[in-house]
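**Q** Residue numbers (our numbering), protein chains in the order written: chain A, 207 to 590; chain B, 207 to 590; chain C, 207 to 590; chain D, 207 to 590.
Ideal Cβ positions, reconstructed from N, Cα and C, are used throughout, including at glycine.
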C-alpha cells in the first residue's frame, strides 16, 4: 500500500447505506475514491456503479478482497454478516469500515476487534454522529467549558419506520427501533461525555403504531448513568409522523445548548405543487415542509469518510472504533434486558442465558427466564 | 351564599403564589374578586393587600374563615399545612382551592377529599397546566383526533432553582425538583391522556448543580406507563441555566405536536442596556433574551381562577380536583421509591414502611430499608 | 348614562368583523356587554345574536341608535358607510368605535372627528395592533430603552386574499391589499414610535397572483420616513400562501427584537387526519401546520374592547383615536400616489386633483394626470 | 497550463477576505491549492502563509504574476485597485477571481470584462451567495416550481459595522453599508430570479447609529423592479446589534420559503462562562448566543472556490461573472441616486454628471446637481 494519494475503497452492499458511502466518498475526492462495489444480488452492484462511475463490480465480496490495490473496505451488508466480513477483510490485509450496529453478540465484537488488531488493520465504526457538524460544534463548546459540568445529554432520532422491509422482521433485524437507531444515541452520549465508564441502563419500550407489521418495539426511551455522574437520555421512534427528526440537548451546571438537524436547520417552506426533495422520510413536499440542504454534509457522512481515509494514511487517529461499537452493543443488550424486567441493569452486562445470542434475548425471553432475571438482578450480575 | 355576582375570595399566603392568585383573579373581575388575605408574618398580608387593593387582612387565617361573605379560599401556604387548612376551610363551609402539591401523605389526601365531600364544598386543585392556553390547544387537537392514538406525552419544566430558600431544605420541602415541579408533569400527562389508570413509574434523579445547597435532587427524569398503553416522560430540573423552560411534546400514530411556553412564544430580543422584565428566572435582560408577554395569561392562571369561580357558581364542573392531586402524590412517592431502588414501581403504591410519612421516604431510606424494598418489589407489593 | 357597570354596546354589522367584536366583548364581561346588533340583510343580525346571546336585533341601525341604554356603538359595515354612521351615532349621543380604514377621504375624516368632538362623544379607532400583547411587549421594551434609539420598525401582514368577495372589487374596496391591510402597518409604526410627524412616503405595489380577480394591488411595500429620523417598512400581501402571517421587527442602535404572531407563537404540528381549526386563512389542517391558541386574545381584540369600554367609563384615555385613523388615511393616499409616480411623496398630502375622492385616486389616474403629478412633485405640493 | 490536477492559486491580499480564500481553498484540496500570496505590507503575507502552509510570498503582486505555474489569482485588495489588478492578471494570462464590489465605475467594469475576454481568461466574480447551500436549496425549489411564479425575493444582511476601519471613510470605501453589503442582495435577487433585466431601483438610506464615525449610510432599504414583474427587496445594516444576520424570503403565487443563515441554523445556547467562537461579529459568547457550525461551508465559500477551480479546468461554466458584477454596480449607483432624489431610477443607469466617478456620486452631490437630477428624471434618462 502507498502512503500517499487517495485511499482506494471497496464497498460491500449497494442499497441505502451503500449509496450513502459512495456519495460521501465522492464528496471528498482528495481523500478517497470508490474503486469497487460488491453485492450478491445480480445487477445491484452495477446500478450503484453506474450512478457513481465505479469501475469494478463483484457479486462475491471475497473476490473483491483479492484486488490488490483496494486499501479500505466498507461494510453495508445486513448486521448478521458483519463479523464474518470483518474477519475476511482483515485477513485480506485491508482496513475495515463497519456500519452500525457492529455485530450480533459481544463475542462477535471481541473477535472482530482481536482479528483486526492481530492483522494490523484498522477497525473503524461508522457512527456518523461523531462527525455531524452541528453536534461537533456542541461538543467543542462543551469541551471549552461553555456548559460547566455537563450532567445530562439527550439525543433523539425519530421517523415513521425503516427504509427496508426486513427491518420489521425481528428475526432478521434482531430488534426494533432501539436496535436500529438507539445505537446512534448511545454512541453519541458516550462520545460527547468523553467515553466515561457506563454504570447502568434503564429502558422503556413498546409497540405503538406498527403492531400489524412487527414484533419489534417502535418506540423506546433509554436512560444511561455514567461513572462521571452524567446521564444520557435517548429516545428513538419508528412512530413519529412528519418526516425525520434528529436532535440533541446538552445541560451543564453552567449552560445549555440545543441542536436540531431538521426543523432547526431547514427552510420553513410552503408549496402548493410540491418540489423535488425535502428530507429523508418526508411524507410529502406539498403544504408546509422542512427541506434540508446539503443533507449528507449536515449529517457528517463525507467528513466521516474523509476521516477514515486519513486514518488509513496515518494522518488522524480513529475517532470511532470497534471498541466504541462494542460499548454500544453492550448497552443495547442491557437496555432490552431492562425493558423486559423493569429494572435498571448494571454494566458490565452478562446475558443471564449462556449460549444465547444476545440480540435475540428480548424476543425469546419467557416467563421462566424473566423469573430468573429478577433473581439475578437482585443478587447482582453473576460472573460468566 | 348567593348564586350570582362575583365570587368573593380569601387568599391564605402572601408570597410568590399568593401574588399570582391575586393578580390572576384581578384579571377576571367578572368572575371573582379577592376580598381578604391572611398571612401569619406581620406586615406581609398588608403588602399584598396594598398591591391589589384588598380590603381585609388577617394574620390568623381562621379569623378570615369567620367572614361570612367569603365563598372560596385559596391556599398558598407551605405544603405541610395544606391538609389542616383544607379541613378548616371546609368546616367553615367554604370552597377550597389548594396549591400543588396537594399534601404530604396519601392519608392526608384521602382525608381532605372526604372532608370536603362531607361538607358539600368543592376541593379544587390548582394545576394551572390544565388551563395553559397553548397546552389546551394541543389537547383540543388530540381530542379531535389530530394525532391518531397518542402513545407518548412529554412535559418538561426547568430552571436554575426555586424562588424561596426553604425549598432547598428537604425537611421543609419534602423533596427536590421532582416534588416541586414533577407534580406539574405528572398531572399534565394524566390529564392530557384522559385520566387513564397508571400502571407503573420509573424515575432517575440526582444532585448535579446544587450539592452545596441541598440534599434534594435537582434533576429528575420520570417515565409513567398508563393502562391505555401510552407513556408519559417527565423531565424537571433546578439545574438548567438561561431562564425558565416549560415544554410539551405529543406523539401519536397519526401526528405530532410541540409546544414551548418560553422560547417558542417569546420575542427573540437583543439589548445592550437591558429592560424591565424578561421572564421568570431570567438571569439578565441584557444580550439575547426571550421575553414573554402576558405571562400569567400564557400560563393560564387567570383562566384557571375564572374556572374555579364558575365552578363555585355551578356553571362549570371542576377540571382539577383533589382526586387529581392525590394521583399526583401517589406517582411522586412511587417515583422516589423507584429512583432509590432502580426498579419500575407498580401502582397502586404502598409505602414499604408502615407509619412513615411518604414524602420523606426518599430522604430517610437506609440500607436495611433498601434491602427490604428490593425483596418487596420482587415479591410484589404487599397489602397494607 | 351611568358611570358604573358594564358598558352596553350595539354592533353595526354581522359578518367577519362583527363576529370578532361580539366574541371579544364576550371575553371581557366585566367591562362591556353586547345588547344589540343591526344588519340590513334580513336574518344576518339574528344569526350573530343567536351565537352570542344578544337580545335585540335590528335591520335599520338608526332604530338601534334610538335605544336609550346603548352607550357605545361599533361600526363593522363597509368602508364607504363609516362617515355617515359615525355622524349618526354621535348625533344619537353614543360613543363610536369605528373599524379600519376610518373612511374614504380626508374630508370625511375631518368631519367625523369634528362631529364627535362637538357632540362630546368619543371617536375610537379599532386598530387592534395597539393591543396585540406580543407587540405591546415590544413597545414596552422599546420605551424602557432596551433598543436605544429605534431607527427602523417593520410590520408585515400577509395571506392569500380577503375574506369577503367585495374586497376584490376596487370600486367597493377603494384599493387592494395596501388599503385593506396596509392601514395596520402604518398605524403600528406610527404608534410604536410615539406618533412622530411623518415626513414622506414611498410605495411599490403590483398585481402578482390575482390578476384574474381584481384590479387592486395584491402585494405592496411601503417606506415611511418620520421626523424623528426613524423609518417604517410595511409589507402587505394577498399573495402569500400557507396561511396568515403577522410579524414585526424593531431595530435600534442599542438592540433589536422580533415578534411573529403565527409561526413564532404556534405549536408546530403534523397531522395525518387534520383537526378542527389551525388559524385564520390556513389552507388545511393536514400535514404540517401552525395552529394558534387563544387567537382573539393574541391579536388583542378583547383587550382592545375592554380599553374602549373603560374609556367610555372615563377610566382610561383613548389610545386609538379618529386622529390616528386620519393619519393612516393620509399615508394610504400618499402611498398610492407614490406607487403611481415612482416618487417619494411628502406629507401633508394633498390630492393633485381637486374634487376627487382620494381613495379612488390610484385606480382612475390616467396619463395626463400622471404627467401632471410629476410636475407637481418636482415643484412641490401645491396648497389647496 | 495543465488540464488536470489541482488548480494552482495565488491570492492578492492577506486580511479578512484573504484568509477566507485560503481557508476555503484548503477545504477543497481536490480542486485547488494556494501556492502563493502577495501583500504590500511587509510581514502580512508571511502571517497568512504560516497559517495555511503557503510556500511563496510576495510584497509586489506583479512579481507573483510572473510565476509560471500559477493559473488563477484571487483579488482581495481594496476596491479601488480591482480594475488595474484584473488587467495585470489577465495580461499575465491567468484567470481572475475578483472580490465584491467588482470595481469603482461602470467604465472600469467594461474594461475589466473586455480585457479578460481578449486575453482568453475567465473573469469570475466572488459572490458567495450563489453558493450558500441553504440559499441554493431555495433556488432549486423555486426552479422546480415549488412556489409557482416568484413575485418577491428578499435578502437582508445586517450587523453592527465592518471589520476594517477604512470602511468608515467614504473616500476609501466609496459608500456605506449599501456599497459594502447591498452588493450581495442585489446579486442574490438577480441570480435567484434567473437574471431578468432590471427596470428600476428605489432606495432609502440614512445614518442612524454611527454618525460619529462615518458619513456613509449605516442602514439601507432597496427595492428593485425586474422586467419579469418580480420585485427584489434588499435590506442592509451596520446598525443591527446582536451579531450577524443573513436571511432570505421567497414569495411566489404558489408558495413561500424562508432561510436564515444564523438564528435559523445555529444552536440556541446559553453559557455562563463563554466559549471559543460563536459567529462573525457576535458581541459575546456569554449568555444566550447563536453559534454557527462549519461557518465557511454554510456560507458557501469552499463550494465557490471549488466551482471557480473547476471552471478553470473547463468542467463547469462560470456562475458568477464580471457581467454579474457590472449589473450589481449599476444598481448600486442607481440606488444612491434614488436615495438622494427620492425617485425610482430607471435602468440602464447613466450618471447625470459626465466624467464623475459614479461611486462617489452620493457623497458629492450638491443642490445644483440635485436640481439637475430631478429634471433629468422627469424628462427620462438621456442617452450617453
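Give the DSSP-derived three-state secondary structure of residue 328 of chain B in the structure shown.
**A** Residue state, collapsed to three classes: coil.
**Q** Measuring only the C-alpha atoms, how far is residue 395 of chain D from residue 359 of chain D?
**A** Distance between the alpha carbons of residue 395 of chain D and residue 359 of chain D: 6 Å.
**Q** Using CA atoms only, rank isn't needed, just tell me which of B:486, B:456, B:541 is closest to residue 383 of chain B.
**A** Ranking B:486, B:456, B:541 by Cα distance to residue 383 of chain B puts B:541 first.
**Q** What are the residues in the segment 325-347 of chain C lying within 8 Å of chain B by C-beta distance?
**A** The residues in question are 339, 340, 342, 343, 344, 346, 347.
**Q** Can you list, in chain order, the residues of the segment 474-496 of chain C whose Cβ is nearer than 9 Å to any Cβ on chain A?
**A** Per Cβ criterion, the list reads 474, 475, 476, 477, 478, 489, 490, 492, 493, 494, 495, 496.
**Q** How would you label residue 465 of chain C, buried or exposed, when you count the other beta carbons within 10 angstroms and need 16 or more for buried?
**A** Label assigned to residue 465 of chain C: buried.
**Q** Taking the straight line between their C-alpha atoms, what separation do you get for residue 516 of chain D and residue 502 of chain D?
**A** For residue 516 of chain D and residue 502 of chain D, the distance between alpha carbons rounds to 19 Å.
**Q** If you drop the 5 nearest sequence neighbours on each side, which residues of the same chain put their C-beta closer than 7 Å to that of residue 214 of chain B?
**A** For residue 214 of chain B, where only same-chain residues beyond five positions count, the Cβ hits under 7 Å are 239, 241, 275, 276, 277.
**Q** Going by the CB atoms, is the gap between residue 554 of chain C and residue 536 of chain C shorter than 8 Å?
**A** Yes, the pair counts as a contact, with Cβ atoms nearer than the cut-off.
**Q** Take residue 468 of chain B as the anchor and find which of B:532, B:365, B:300 has the nearest alpha-carbon.
**A** For residue 468 of chain B, the nearest C-alpha among the options comes from B:365.
**Q** In three-state DSSP terms, what is residue 458 of chain D?
**A** Residue state, collapsed to three classes: strand.
**Q** Should residue 211 of chain C be flagged as near chain B, meaning a C-beta pair shorter than 8 Å?
**A** Chain B, which has no Cβ nearer than 8 Å to the Cβ of residue 211 of chain C, makes this no.
**Q** For residue 352 of chain D, is the classification buried or exposed, using 16 other Cβ atoms within 10 angstroms of its Cβ as the cut-off for buried?
**A** Classification for residue 352 of chain D: buried.
**Q** By the 10 Å Cβ neighbour count, where 16 or more other Cβ atoms means buried, how is residue 564 of chain C classified, buried or exposed?
**A** Because the pLDDT at residue 564 of chain C is just 39, under 50, the model does not fix this residue reliably, and the point stays unresolved.
**Q** From which residue to which residue does the beta strand (DSSP E) around residue 430 of chain D run?
**A** First-last of the beta strand (DSSP E) with residue 430 of chain D: 425-432.
**Q** Rank A:336, A:430, A:293, A:456 by C-alpha distance to the C-alpha of residue 321 of chain A and give the top, closest one.
**A** It is A:293 whose Cα lies nearest to the Cα of residue 321 of chain A.
**Q** Mind checking who residue 263 of chain C pairs with in its DSSP beta bridge?
**A** Residue 263 of chain C pairs with C:243.
**Q** Under 8 Å between C-beta atoms, does residue 469 of chain C make it to chain A?
**A** Cβ-Cβ to chain A under 8 Å: yes for residue 469 of chain C.
**Q** Pull up the distance between the alpha-carbon of residue 296 of chain A and that of residue 267 of chain A, whole angstroms please.
**A** Approximately 13 Å, taken between the alpha carbons.
**Q** Which residues in chain D sit within 9 Å of residue 439 of chain C, going by Cβ to Cβ distance?
**A** Those are 410, 427, 439, 441, listed as they occur along chain D.
**Q** Note down, in chain order, all residues in the segment 380-396 of chain A with a beta-carbon under 7 Å from any beta-carbon belonging to chain D.
**A** Residues: none.
**Q** Return the first residue and the last residue of the beta strand (DSSP E) that residue 304 of chain C is part of.
**A** First-last of the beta strand (DSSP E) with residue 304 of chain C: 301-304.
**Q** Is DSSP giving residue 413 of chain B helix, strand or coil here?
**A** If DSSP states are grouped into helix, strand and coil, residue 413 of chain B belongs with coil.
**Q** Are the C-beta atoms of residue 367 of chain B and some chain D residue less than 8 Å apart?
**A** With 8 Å as the cut-off, residue 367 of chain B does not count as an interface residue toward chain D.
**Q** By the three-class DSSP mapping on this structure, what secondary structure does residue 563 of chain C have?
**A** Because the pLDDT of residue 563 of chain C is 39, which lies under 50, any placement of that residue in the model is unreliable, and the question is left without a value.
**Q** Nearest-angstrom Cα distance between residue 401 of chain A and residue 330 of chain A?
**A** Computed Cα separation, rounded: 16 Å.
**Q** When DSSP labels each residue in this structure, what does residue 443 of chain D get in the three-state scheme?
**A** Three-state result, residue 443 of chain D: strand.
**Q** Taking 6 Å as the limit between beta carbons, can you name the residues of its chain near residue 303 of chain C, skipping five residues before and five after?
**A** Only 280, 330, 332, 514 meet the Cβ criterion.
**Q** With three or more beta-carbon pairs closer than 8 Å as the criterion, would you say the segment 445-461 of chain C touches the segment 337-344 of chain B?
**A** No, the segment 445-461 of chain C is not in contact with the segment 337-344 of chain B.
**Q** With 8 Å as the limit, tell me which residues of the segment 501-512 of chain D have their beta carbon closer than that to any beta carbon of chain A; keep them in chain order.
**A** Listed by position, the residues of the segment 501-512 of chain D near chain A (Cβ gap below 8 Å) are 503.
**Q** Is there at least one Cβ from chain D nearer than 8 Å to residue 422 of chain C's Cβ?
**A** No, its Cβ sits nowhere closer than 8 Å to a Cβ of chain D.
**Q** In angstroms with no decimal places, state the Cα-to-Cα distance between residue 212 of chain B and residue 521 of chain C.
**A** Roughly 21 Å separates the two Cα atoms.
**Q** Might you give, ordered along the chain, the residues of its own chain that have their beta carbon closer than 6 Å to the beta carbon of residue 566 of chain B, omitting 5 neighbours on each side?
**A** Bear in mind that a pLDDT of 36 at residue 566 of chain B, under 50, signals an unreliable position, so the number given afterwards is only what the model happens to contain. Hits under 6 Å: none found.
**Q** So with Cβ pairs under 8 Å, would you call residue 459 of chain A a contact of chain B?
**A** Chain B, which has a Cβ nearer than 8 Å to the Cβ of residue 459 of chain A, makes this yes.
**Q** What in chain B is Cβ-close to residue 264 of chain C, meaning under 9 Å?
**A** Within chain B, no residue comes near residue 264 of chain C; the closest Cβ sits about 26 Å away, beyond 9 Å.
**Q** Any heavy atom of the ligand FMN inside 7 Å of the beta-carbon of residue 445 of chain D?
**A** Ligands in the displayed structure: none, and consequently the ligand FMN is not present.
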